[in-house]
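This report refers to the structure that appears directly beneath it.
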Amino acid sequence: MHSIRFAAALLLLLLAASTAKSQQPRLLVAQKGEQSLAIVDPVAGTVLGSVPEGGTTGHEVIASPDGRLAYVPIYGDSGVGKPGTNGTKLVVIDIAAQKVVGSLDFGHGVRPHMPTFGPKDGLLYVTTELDHSISLIDPKTLKIVGAITTGQSESHMLALSHDGQRGYTANVGPGTVSVLDIPNRKLLTIIPISNETQRISITPDDRWVFTADQTQPRLAAIDARTNQIAHWVALPGIAYGTATTLDGKFVLVTIPAQNKLAIVEIAAMKVVRTIDTPADPEEVLAQPGNKTAWISSVASHTESELDLTTWQITKKIETGKGTDGIAWAAGR
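Mapping of the sequence shown onto our numbering: residues 1 to 332, in sequence order.
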């Protein structure tokens, strides 16, 4: 009897340990130079595994809301607007098992790029550049259930409003932003920015949309109420990626050529500090909890942890060749 009770207690402990392990959050990093996805323990600062994607190559990634799966569009072997292969698929990776468990084939070359989950409808939205559109995907069936035209080429990045009403794409070569009506699946307007623009982000209150001019050191602040540029924020260099902090107070802006991150205070619409980073910072992610952000530096193959209270980089993790897109997989 005692041995049965001991075995049962041991089993419960093992199950509890397994559950605790499965509940740990993970940082997901596209290893663009290795055609794989890194799964990172952000606390230990170690790469737990590198999952081959089976294609060339994923640039961006998003985690499912439950933190179980990663969705990686396979873009191709070149940069936006440049000659190269045209990716045709999206792969699904089980984060705990560290393996590909599903895929979607678009049927032709579309250069799928930025994946984002709809905050209200649970659909997966993916930019499909060569079709000048956003594709809507049912993540459970991996079927395309709709599309929204952007009216522009090179619709590279996407931001969705938190109320699920609007979508905004950064159209790189045209230098514009497309504003999309998400519920009615239609293009509302196109906002001219410059001769070339990159990346896009939106504040938690859905008031401001930010995108970086690639011809001058400045950031466009679009008023989402009027769909017009309301402010130009002067920067210390040409910007690239942006992310707003979850309290809505700051925009974090990567300056790749200067190896810096600029901190823009939204209320004042000006840079209030800069932070030195590893070489070539391109993408930045605000981690849930509003205490930490992660900076992806492509040329130096690292993820840097930024303390949003002290504004100090507290950790650097070697995350693989061509470290690029990043996502947060919440614990369960």
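From the three backbone atoms N, C-alpha and C, an ideal C-beta is built for every residue, glycine too.
Cβ-Cβ distance between residue i and residue j below 8 Å
i, j, result
"E34", "K321", "yes"
"G248", "D307", "no"
"N184", "T215", "no"
"T254", "I295", "yes"
"T46", "Y75", "no"
"G118", "V91", "no"
"T302", "T314", "no"
"K291", "S304", "no"
"V51", "I93", "yes"
"G146", "L130", "no"
Residue i versus the options, residue with shortest Cα-Cα distance
i, options, result
"I238", "A268, E265, Q198", "Q198"
"G49", "G81, I74, N86, V100", "V100"
"K140", "G167, V172, A220, G102", "G102"
"V110", "D163, V126, G87, L180", "G87"
"I202", "A243, T128, A63", "A243"
"I95", "D223, Q312, K316, I62", "I62"
"W311", "K270, Q258, V298, F250", "F250"
"K270", "F210, I200, D77, S300", "F210"
"V144", "G107, H231, L27", "Sequence check: residue 144 is Ile here, not Val. Checked all of G107, H231, L27; the closest Cα to I144 is G107."
"P288", "Q258, L142, G67", "G67"
Beta-carbon proximity list for residue i, same chain, < 7 Å, skipping 5 on both sides
i, result
"T149", "H132, S133, L187"
"N227", "V179, T189, I191"
"K21", "Because K21 sits at a pLDDT of 48, beneath the cut-off of 50, its placement in the model cannot be relied upon, and the following sentence gives the value as read from the coordinates. Cβ neighbours of K21 beyond the five flanking positions: none."
"G81", "E154, V172, G173"
"Q165", "I182, P183"
"G79", "none"
Same chain, Cβ closer than 6 Å to residue i, neighbours up to 5 away in sequence not counted
i, result
"T169", "T150, S155, L158, S178"
"W208", "A221"
"L160", "T116, G167"
"A286", "A243, T245, L246, A293"
"Q24", "G331"
"L123", "L136"
Supposed contact pair residue j and residue i - C-beta distance, whole angstroms, cut 8 Å
i, j, result
"L235", "A262", "6 Å"
"A329", "A44", "Rounded, the Cβ-Cβ distance is 15 Å, inconsistent with contact."
"L219", "V272", "Not confirmed; about 13 Å, so no contact."
Contact test: residue i Cβ vs the ligand NAD heavy atom, cutoff 7 Å
i, result
"K89", "Among the components modelled here there is no ligand, and therefore nothing to report on the ligand NAD."
Own chain, CB closer than 8 Å to residue i, minus 5 neighbours either side, in chain order
i, result
"T309", "K291"
Q. Counting pairs of Cβ atoms below 8 Å between the segment 24-44 and the segment 103-121, do you hit three or more?
A. no
Q. Does the segment 324-331 come within contact of the segment 265-281, defined as at least 3 CB pairs closer than 8 Å?
A. no
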